[in-house]
Every structure is written in C-alpha cells, then in structure tokens.
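Trainee: Numbered continuously in full-length UniProt numbering, the sequence shown closes out at residue 334.
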Amino acid sequence: MSSAEQPSKSYSWGPEKGSMKFEGQDVLIFWIESAMKSFLDTIEEVSGDDAANVVMETAGFRMGQIVSDFFKGDHSETVVHNLPAIYASAGWMEMEVVAVSEKEKTATIRFKNSWEYKINALQGKTTIGAFIPGHLAGTLTDLFDENVGYRIDKSQLQGDEYDEVSYFPSNKSPIENIHEYTRLQEQKQIQRLEAMVNERTKKLANMVKEISSPIIPVLEDIVVVPLLGKYDEVRANDMFYRTMQNLPAYQSNYLILDLTGLDEIIDEYTISLIHRFTSTTSLLGTKCIIVGISPQLGMKITDANFDLKGIDCFSTLKHAIHFALAQEGKQIIG
C-alpha cells in the first residue's frame with residue numbers, strides 16, 4: 001500500500017440476516033457508554049483492577065498482532081502512517097502518528113477521545129487504560145518484527161489535550177506480563193495457604209501441648225499421667241516440664257504413668273522420658289507406678305539398660321490403682 005493510497009471503506013450491512021461486514025470481515029456494534037462500559041466494569045468487578053489491566057493489555061496486544069497480519073509484505077512505516085485513517089473510520093479514536101522509524105523500531109503516536117478514554121472517564125479513572133496502548137504495541141511488534149514496548153507520555157485523563165505514547169524495542173511483552181502476573185498470583189495464593197497452614201499448625205501445636213501433659217486425678221492421693229503417641233525431643237521435653245510444674249498442686253502420693261497409648265515404634269526420646277519421670281517424681285515425694293508396658297517397650301527398656309528396680313509395674317490401670325490404695329490401707333468396695 002503506497003503512502004498516497006487510503007484504505008478502502010467497504011461496508012456491508014444485511015439486517016435481514018443479522019450481519020455486518022467491514023473490509024470483508026464480520027463486525028458488530030457496541031454502545032461505548034453503556035454496553036462496552038458494562039463489559040469492562042464486569043471484568044474489573046470479577047478479577048480486580050490489577051488483573052483486568054493485565055488482561056486488557058494482553059488482549060489489546062494480541063488483537064494488534066491480528067491487525068498487522070492484513071499488511072504483511074507492506075512497508076511498515078507506510079502502514080503506520082495509514083493507521084489513523086483505519087481507526088478513525090472504525091470509530092475507535094482520532095489518531096496522529098507523530099514519528100515512526102522502521103530502522104530504530106520506534107514510534108510516537110497520539111490519540112484523542114478514544115473509546116477507551118470515554119469509558120475510563122465515565123468510570124472516574126485518572127490513568128490511561130492499557131488496551132489501546134497494548135493494541136498498538138502488538139501491531140508495531142509484528143510490523144517491525146521485533147518486540148515493542150511502550151511508555152505513556154501524556155494522558156487526557158490527567159488533563160492533557162490527548163494521549164501520547166512512545167513505542168520502542170523491549171525485552172518484555174504483555175504476553176509475558178500476563179504469564180508473570182499469573183505466576184505472581186499463584187505465588188501469592190500459595191503464600192496465603194502457607195500462612196493459613198502455619199497458623200493452623202500453631203494452633204494445633206498449642207492444643208497438643210495442652211493435652212500432651214494431662215494430669216488426671218482419679219482418687220485422693222492418686223493421679224494418672226498417660227503417655228500418648230510418639231515423642232520427639234521437643235514434645236518429650238514439653239511433656240516432662242509441664243507435668244513436673246503442675247504435679248505439686250495435686251499433692252498426690254502416687255503418680256501412675258500409663259504407657260498403654262504409646263506408639264508401637266519406641267525411640268530414645270520415649271525411653272528417656274519414662275526414665276526422667278521415674279527418677280524425678282521421687283524427689284517431689286511422689287511414688288511412680290508404671291502400667292501398660294508392651295513387649296516391644298520392655299525389650300527397648302532392657303536394651304537401654306534402664307533399671308526398673310524399685311518401680312512397681314502393672315499390666316492394667318485397674319491393678320495399679322488397687323495397689324496404690326492398698327499401700328494407703330484403703331480399698332474400693334462395691
């Protein structure tokens with residue numbers, strides 16, 4: 001297409017068939033202040049302003065690449081100079097090409113009263129929309145055969161007479177931006193989930209601490225401390241210290257250490273915890289009785305050279321309670 005040529009304005013309207021064509025392509029009409037505004041409002045309402053901006057810029061960029069396909073083989077500077085007539089005839093905006101250089105892959109373009117500006121003004125926005133700048137970036141990217149970015153130099157929404165945008169080679173494109181935005185949102189979601197998990201874990205850990213060292217008074221002078229599950233160093237230490245701190249308040253003569261609920265896999269922390277209980281309770285004037293030693297635990301205790309001499313052991317809690325009562329000269333009748 002030469003610089004003297006103007007793009008043809010071939011319209012075809014078939015209301016009886018519900019069709020309208022421009023330059024041989026199907027087109028449709030939207031009311032800017034109502035339908036298009038409602039369309040953009042909905043996108044922003046659903047996805048948020050930041051996401052909507054990235055989506056609009058990317059959609060504009062891709063549509064710009066489609067526009068450039070119509071001019072494959074034409075001189076790029078000539079095509080750019082013909083763009084104002086094309087967009088004006090389509091009702092998009094009043095457009096002026098201030099400068100363009102195919103060699104430098106640059107351009108400066110002004111547009112005034114664009115459909116996007118009209119919608120943004122109705123929305124009360126103060127910054128230029130991303131669709132049209134991104135759209136022209138996409139067109140120039142394919143025309144120059146090099147990725148083109150842009151910079152907003154002037155904006156009608158900020159009181160300038162027109163929007164002015166500078167285009168130049170760039171190593172980023174809206175296509176990459178939307179992928180980066182998606183990854184960023186995924187990372188933010190992961191961080192939110194991690195924060196939720198950490199908070200829930202913290203609450204559960206506090207709950208475990210509360211229930212991991214229960215002292216259960218069963219009868220006068222007798223308390224039961226059950227060991228449950230598996231113990232690591234942190235849980236074993238917490239269990240021991242919390243129990244020892246609370247035990248004097250019960251003024252009990254007997255502490256029954258119930259091992260029935262221990263995990264089948266017994267490690268050094270569990271053995272050490274049992275040993276600490278049996279050796280420390282006597283210092284507080286409380287006699288320790290053990291119940292529920294499994295065969296596996298018995299072998300572990302033997303392998304660890306843990307001497308149970310002097311410690312009364314029973315198979316069930318019932319037997320231990322009866323024993324403790326007998327030592328006090330008491331018994332359960334009934």
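All C-beta atoms in this analysis are idealised placements derived from N, C-alpha and C, irrespective of residue type, glycine included.
Looking at C-alpha atoms only, which residue of I215, E264, G329 is the closest neighbour of L297?
Mentor: When each option's Cα is compared against that of L297, the closest is E264.
Trainee: Exposed or buried, what is L143 when buried is set at 16 or more other beta-carbons lying within 10 Å of its beta-carbon?
Mentor: Result: buried.
Trainee: Quick check: what's the CA-CA separation for V97 versus R192?
Mentor: Looking at the two C-alpha atoms, the distance is approximately 46 Å.
Trainee: First and last residue of the beta strand (DSSP E) that includes G159?
Mentor: That residue, G159, is in no beta strand (DSSP E); it is neither H nor E in DSSP.
Trainee: Please classify S101: does DSSP put it in a helix, a strand, or coil?
Mentor: DSSP places S101 in strand when its eight states are reduced to three.
Trainee: Can you tell me whether F70 is buried or exposed? The criterion is at least 16 other CB atoms within 10 Å of its CB, across all chains shown.
Mentor: With fewer than 16 Cβ atoms within 10 Å of its Cβ, F70 is classed as exposed.
Trainee: I need the DSSP call for L228, collapsed to helix, strand or coil.
Mentor: In the structure shown, L228 sits in coil (DSSP, three-state: anything other than H, G, I, E or B).
Trainee: Quick one: what's got a C-beta closer than 6 Å to I321's C-beta in the same chain, skipping five residues either side?
Mentor: No residues qualify anywhere along the chain.
Trainee: Near A236, what residues of its chain come up, given a Cβ to Cβ distance below 8 Å and the 5 sequence neighbours on each side ignored?
Mentor: If we look at A236 and ignore the five residues flanking it on each side, its Cβ neighbours are Y269, T270, S272, L273.
Trainee: On the DSSP bridge assignment, give the partners of I293 in chain order.
Mentor: Looking at the DSSP assignment, I293 forms no beta bridge with any residue, so it has no partner.
Trainee: Report the rounded CA-to-CA distance for K37 versus K105, giving the unit in angstroms.
Mentor: Approximately 34 Å between the Cα atoms of the pair.
Trainee: Determine whether the beta carbon atoms of G134 and P174 lie at a separation below 8 Å.
Mentor: The answer is yes: Cβ separation under 8 Å.
Trainee: Strictly by DSSP, which residues pair up with I109?
Mentor: Its beta-bridge partners are V97, V165.
Trainee: From which residue to which residue does the beta strand (DSSP E) around P217 run?
Mentor: Unbroken beta strand (DSSP E) run through P217: 216-219.
Trainee: Spatial neighbours of N246 within its chain, please: CB distance less than 7 Å, with the 5 preceding and 5 following residues excluded, ordered by chain position.
Mentor: Once the five neighbours on either side are set aside, the close Cβ partners of N246 are I215.
Trainee: Just reading off the alpha helix (DSSP H) that M239 is part of, what are its end residues?
Mentor: Where M239 is concerned, the enclosing alpha helix (DSSP H) stretches over 233-246.
Trainee: Tell me, which residues are paired with W13 by DSSP?
Mentor: Beta-bridge pairing links W13 to M20.
Trainee: Near S2, which residues of its chain fall below 6 Å by C-beta distance, leaving aside the five closest residues on each side in sequence?
Mentor: With a pLDDT of only 42 at S2, under the threshold of 50, the placement of this residue in the model should not be trusted, and no figure is reported.
Trainee: Return the CA-CA distance between Q6 and Q187, expressed in angstroms with no decimal places.
Mentor: Because Q6 sits at a pLDDT of 47, beneath the cut-off of 50, its placement in the model cannot be relied upon, and the following sentence gives the value as read from the coordinates. Whole-angstrom Cα-Cα distance: 49 Å.
Trainee: Beta carbon of Q156, beta carbon of K112: below 8 Å?
Mentor: Yes, Cβ-Cβ distance for Q156 and K112 is below 8 Å.
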